[in-house]
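Undergrad:
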Amino acid sequence: MSFLGGGIFSGMAVTLRNFVGSYFDPDRLTTNDYSWRPEGQLPQSAGEYPREEGEQLSDATTVTNYSRNFPMLLHDGGDNPMDAIRCVACQICERECPPQCIYIEKDYGEDGKFIKRPAVFDIDVSVCMSCQICVEVCPFDAIVMNSQFELSTPNRFDGLLLRREDLLKSNGYYHRIHPEEAAQRDQRMAEEKAAKEAKKKAAAEAAKKKAEEKARAEAEAKAQEETGDKEEEAQ
Amino acid sequence: MSFELVVAILIATVPLLVIFPSLFALTTWLERKALARIQNRRGPNKVGIPCTRIGLFGLGQPAADGIKMLFKEDIVPNGADRLFHLLAPILALIPAMLVLCFLPLDFSFVAVWDESIAKDIKAVQGFALDGAVIFFFAITGINTLSVFMAGWASRNKYSLLGGMRAIAQMISYEIPLVLSAVVVVMMVGSLNAKEIADAQMGWNWYVFTPWGLAAFIIFFIAALAETNRSPFDLPEAESELIAGYFTEYSGFKFALFFLGEYISMFAISGLAAVLFLGGGEGPWVAVYPWLAVGWFLAKIFSLIFVMIWLRGTLPRLRVDQLMAFAWKFLLPISIINILISGIAWHLREQGAAVTAGVWGVSLGILYVTAVGLNKLNRANVKPREYKYAE
Numbered sequence: 001m002s003f004l005g006g007g008i009f010s011g012m013a014v015t016l017r018n019f020v021g022s023y024f025d026p027d028r029l030t031t032n033d034y035s036w037r038p039e040g041q042l043p044q045s046a047g048e049y050p051r052e053e054g055e056q057l058s059d060a061t062t063v064t065n066y067s068r069n070f071p072m073l074l075h076d077g078g079d080n081p082m083d084a085i086r087c088v089a090c091q092i093c094e095r096e097c098p099p100q101c102i103y104i105e106k107d108y109g110e111d112g113k114f115i116k117r118p119a120v121f122d123i124d125v126s127v128c129m130s131c132q133i134c135v136e137v138c139p140f141d142a143i144v145m146n147s148q149f150e151l152s153t154p155n156r157f158d159g160l161l162l163r164r165e166d167l168l169k170s171n172g173y174y175h176r177i178h179p180e181e182a183a184q185r186d187q188r189m190a191e192e193k194a195a196k197e198a199k200k201k202a203a204a205e206a207a208k209k210k211a212e213e214k215a216r217a218e219a220e221a222k223a224q225e226e227t228g229d230k231e232e233e234a235q
Numbered sequence: 001m002s003f004e005l006v007v008a009i010l011i012a013t014v015p016l017l018v019i020f021p022s023l024f025a026l027t028t029w030l031e032r033k034a035l036a037r038i039q040n041r042r043g044p045n046k047v048g049i050p051c052t053r054i055g056l057f058g059l060g061q062p063a064a065d066g067i068k069m070l071f072k073e074d075i076v077p078n079g080a081d082r083l084f085h086l087l088a089p090i091l092a093l094i095p096a097m098l099v100l101c102f103l104p105l106d107f108s109f110v111a112v113w114d115e116s117i118a119k120d121i122k123a124v125q126g127f128a129l130d131g132a133v134i135f136f137f138a139i140t141g142i143n144t145l146s147v148f149m150a151g152w153a154s155r156n157k158y159s160l161l162g163g164m165r166a167i168a169q170m171i172s173y174e175i176p177l178v179l180s181a182v183v184v185v186m187m188v189g190s191l192n193a194k195e196i197a198d199a200q201m202g203w204n205w206y207v208f209t210p211w212g213l214a215a216f217i218i219f220f221i222a223a224l225a226e227t228n229r230s231p232f233d234l235p236e237a238e239s240e241l242i243a244g245y246f247t248e249y250s251g252f253k254f255a256l257f258f259l260g261e262y263i264s265m266f267a268i269s270g271l272a273a274v275l276f277l278g279g280g281e282g283p284w285v286a287v288y289p290w291l292a293v294g295w296f297l298a299k300i301f302s303l304i305f306v307m308i309w310l311r312g313t314l315p316r317l318r319v320d321q322l323m324a325f326a327w328k329f330l331l332p333i334s335i336i337n338i339l340i341s342g343i344a345w346h347l348r349e350q351g352a353a354v355t356a357g358v359w360g361v362s363l364g365i366l367y368v369t370a371v372g373l374n375k376l377n378r379a380n381v382k383p384r385e386y387k388y389a390e
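Chains as they are written, first to last, in my numbering: chain A, 1 to 235; chain B, 1 to 390.
(1) Touch check for the segment 298-315 of chain B and the segment 222-234 of chain B: three-plus C-beta pairs under 8 angstroms?
(2) I'd like to know if the segment 119-127 of chain A and the segment 161-168 of chain A are in contact, where contact means that at least 3 CB-CB pairs between them fall below 8 angstroms.
(3) Less than 8 angstroms between CB atoms is the rule here; does Val88/A satisfy it with respect to chain B?
(4) Got a sec: is the Cβ-Cβ distance from Met129/A to anything in chain B below 8 angstroms?
(5) What's the gap between the Cα of Leu167/A and the Cα of Ala89/A?
(6) At least one CB of chain A closer than 8 angstroms to the CB of Gly55/B: is that the case?
(7) Can a CB atom of chain B be found closer than 8 angstroms to the CB of Ala60/A?
(8) Applying a beta-carbon distance threshold of less than 9 angstroms, which residues of chain A neighbour Ala34/B?
(9) In this structure, how does DSSP classify Asp107/A when only helix, strand and coil are distinguished?
(10) Ends of the alpha helix (DSSP H) at Asn377/B?
(11) Checking contacts by CB at 8 angstroms: is Ile218/B closer than that to chain A?
(12) Compute the Euclidean distance between the alpha carbons of Met69/B and Leu259/B, then round it to the nearest angstrom.
(13) Smallest Cα separation from Ala243/B: which of Trp284/B, Leu363/B, Val14/B and Ala150/B?
(14) Helix, strand or coil for Lys209/A? Go by DSSP, reduced to three states.
(15) Is the CB of Arg68/A under 8 angstroms away from at least one CB in chain B?
(16) Which full runs of the alpha helix (DSSP H) of 4+ residues lie inside the segment 82-170 of chain B, going along the chain?
(17) Rounded to whole angstroms, what is the Cα-Cα separation between Ala138/B and Phe70/A?
(18) Residues of the segment 309-326 of chain B in Cβ contact with chain A at a cutoff of 9 angstroms, in chain order, please.
(19) Taking only beta-carbon atoms, is Ile417/B less than 8 angstroms away from chain A?
(20) Determine, for Asn337/B, whether the minimum Cβ-Cβ distance to residues of chain A falls below 8 angstroms.
(21) For the candidate residues Leu23/B, Pro62/B and Arg42/B, whose alpha-carbon lies nearest to that of Tyr262/B?
(22) State the CB to CB distance for the pair Asn65/A and Pro179/A, rounded to an integer number of angstroms; the pair is presumed to be in contact (CB under 8 angstroms).
(23) Step through the CB atoms of chain B and report whether any lies within less than 8 angstroms of the CB of Glu191/A.
(24) Within the 8 angstroms Cβ cut-off, does Asn45/B reach chain A?
(25) Leaving out five residues before and five after Ile143/A in sequence, what residues of the same chain have Cβ atoms less than 8 angstroms from its Cβ?
(26) With a cut-off of 8 angstroms, do at least 3 Cβ pairs link the segment 359-366 of chain B to the segment 327-339 of chain B?
(27) Looking at the unbroken alpha helix (DSSP H) that takes in Met265/B, where does it start and where does it end?
(28) Taking beta-carbon pairs under 8 angstroms, can you tell me which members of the segment 374-388 of chain B lie near chain A?
(29) Assuming Ile175/B and Leu331/B form a contact by the criterion Cβ under 8 angstroms, report the distance between their Cβ atoms to the nearest whole angstrom.
(30) Compute the Euclidean distance between the alpha carbons of Arg229/B and Ala326/B, then round it to the nearest angstrom.
(31) Among Ile90/B, Ala25/B, Ala356/B and Val183/B, which residue has its Cα nearest to the Cα of Phe254/B?
(32) If contact means a Cβ-Cβ distance below 9 angstroms, which residues of the segment 201-218 of chain B contact chain A?
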């Protein structure tokens with residue numbers, strides 16, 4: 001709605017839809033506490049919460065495909081995820097992060113040469129404000145938002161500091177939790193890659209053409225020189 | 001004082017003191033329930049009949065809250081001004097209860113057994129006072145004092161900040177509130193709440209006129225700010241100031257603040273209903289006069305529901321946005337609205353064509369003014385720029 005104050009009315013329409021909908025659609029009531037557990041078996045400590053990748057508490061506590069909580073790092077499969085990590089430790093997200101909750105250290109090989117991956121990648125989720133700016137700025141599609149919300153822990157310092165290993169998730173997991181977004185991202189990455197390759201090919205062809213032209217020009221010059229020599233000789 | 005007069009005074013006042021505090025309990029339940037449903041939760045649903053598992057949709061929650069409040073320890077901080085710490089919640093409640101008597105709730109139908117008592121009741125009711133609207137605004141002004149008293153006496157920086165914010169906000173929004181009420185007072189030519197309500201008989205509600213609609217919207221926005229309701233709940237912004245001016249209050253003193261806040265919500269919604277929504281007018285009132293009280297309460301409750309709905313919808317404003325909105329938007333438009341309604345009053349009853357012209361022109365002027373003020377006040381906001389990426 002584009003008239004003055006129309007934004008308030010469209011916002012009120014959204015809340016009214018939720019207000020009425022929650023009476024008719026039981027699927028909307030997402031906070032069904034822990035009633036899926038047998039009575040008397042409520043979780044006693046944080047360790048009892050599900051820790052498996054992508055596992056949610058119950059069917060009643062579904063998380064929609066559009067839910068975002070804290071960032072995670074992506075890798076492209078493989079037995080050793082660190083080899084296929086997309087992050088190259090460029091530190092753009094670290095610098096753009098408004099509450100500065102990301103800490104990155106670059107990885108160096110034995111010869112002291114920079115390997116394009118992070119040695120340390122920590123996110124302090126007690127500071128993170130879930131703004132998704134790191135996701136927006138990442139040029140390598142290496143950091144995306146996770147929807148895991150069950151992060152309670154008995155230790156509020158180390159427990160809430162997510163290490164590189166905690167953050168690493170496979171692209172398949174990303175496809176499971178955010179199918180639409182992951183498909184779009186993959187498509188865009190493939191297009192960008194194709195465009196890059198086409199450009200590379202074009203550049204290579206241009207270089208080849210240039211080289212050929214240069215060679216031809218050189219050959220012509222040589223031929224001219226030779227004919228000149230002959231002419232001189234003839235004279 | 002004769003016995004009949006005492007009975008009349010009791011009938012005129014006791015229902016106010018009974019109905020509104022019990023409606024307060026119901027409203028806290030309604031608010032929690034509505035907010036929960038807006039956020040796709042269930043809200044209070046466990047507390048019902050004691051010692052059984054009957055939930056009654058959580059209707060026992062207000063009673064449980066009240067009992068809890070009574071038994072909580074009453075803490076006064078070290079170094080707080082004990083006298084004013086005690087006085088502030090009382091002063092928050094008294095003006096709120098006092099202004100209720102300026103709402104045209106006519107209880108004279110109760111005295112069916114004696115015509116003279118009914119007459120006496122009509123005579124002692126507060127809204128029959130010439131100048132009831134003035135009294136209303138004068139007495140609600142005391143609310144500001146109680147809020148600042150609470151903030152000052154608590155000896156807590158959050159309380160004090162909340163109190164200062166409340167002073168700035170309530171004084172700023174009082175002006176558009178009063179100026180939008182002036183429109184109706186001008187049209188009726190009376191400050192008597194009963195006469196204002198009677199002038200709107202036959203569905204001639206002021207909200208159905210262009211100037212009345214604009215005044216109603218301004219009045220409602222200013223009323224939200226006056227009663228510290230979201231999105232103008234800066235004096236008690238819990239994410240910034242813990243609980244604002246009543247941070248240091250616990251137990252029954254806190255409950256009194258809570259009660260005072262809700263009662264003033266009822267009072268200001270009631271005034272909105274009197275000024276713009278025809279008071280107790282509604283279907284079948286002519287047949288059953290007692291229905292007027294029902295319609296009046298229904299109007300109050302629908303306004304309260306809109307307040308709750310807005311609380312579930314809108315985020316809180318920043319302090320500078322709040323002040324700018326009062327002084328740079330609401331104040332100019334309410335002054336222009338007064339001019340328009342004055343011209344409309346002079347051009348009244350001159351045929352349908354003139355009326356239609358006045359309505360169209362005033363609607364146009366009001367809309368153009370609102371859009372223009374909005375354009376003028378719009379902050380120059382740019383999209384976020386990334387320093388390091390690309």
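We put the beta carbon where it would ideally sit given N, CA and C, even for glycine.
Keep in mind the model is a prediction, meaning the values are calculated, not measured.
TA: Taking the structure as given:
(1) yes
(2) yes
(3) no
(4) no
(5) 14 angstroms
(6) no
(7) Low local confidence applies: a pLDDT of 35 at Ala60/A is under 50, so the model's placement there is unreliable, with the coordinate-based value given in what follows. No, Ala60/A lies away from the interface with chain B (no Cβ there is under 8 angstroms from its Cβ).
(8) Phe19
(9) strand
(10) Ala352 to Asn377
(11) no
(12) 12 angstroms
(13) Ala150/B
(14) helix
(15) no
(16) 82-99, 115-124 and 132-153
(17) 51 angstroms
(18) Trp309, Leu310, Gly312, Thr313 and Leu314
(19) Nothing can be reported for residue 417/B: it is not among the residues displayed for chain B, which extend from 1 to 390.
(20) no
(21) Leu23/B
(22) 6 angstroms
(23) no
(24) no
(25) Pro71, Met72, Leu73, Leu74, Cys87, Cys93, Cys134 and Val135
(26) yes
(27) Gly251 to Phe276
(28) Asn374, Arg384, Tyr386, Lys387 and Tyr388
(29) 6 angstroms
(30) 15 angstroms
(31) Ile90/B
(32) Ile217
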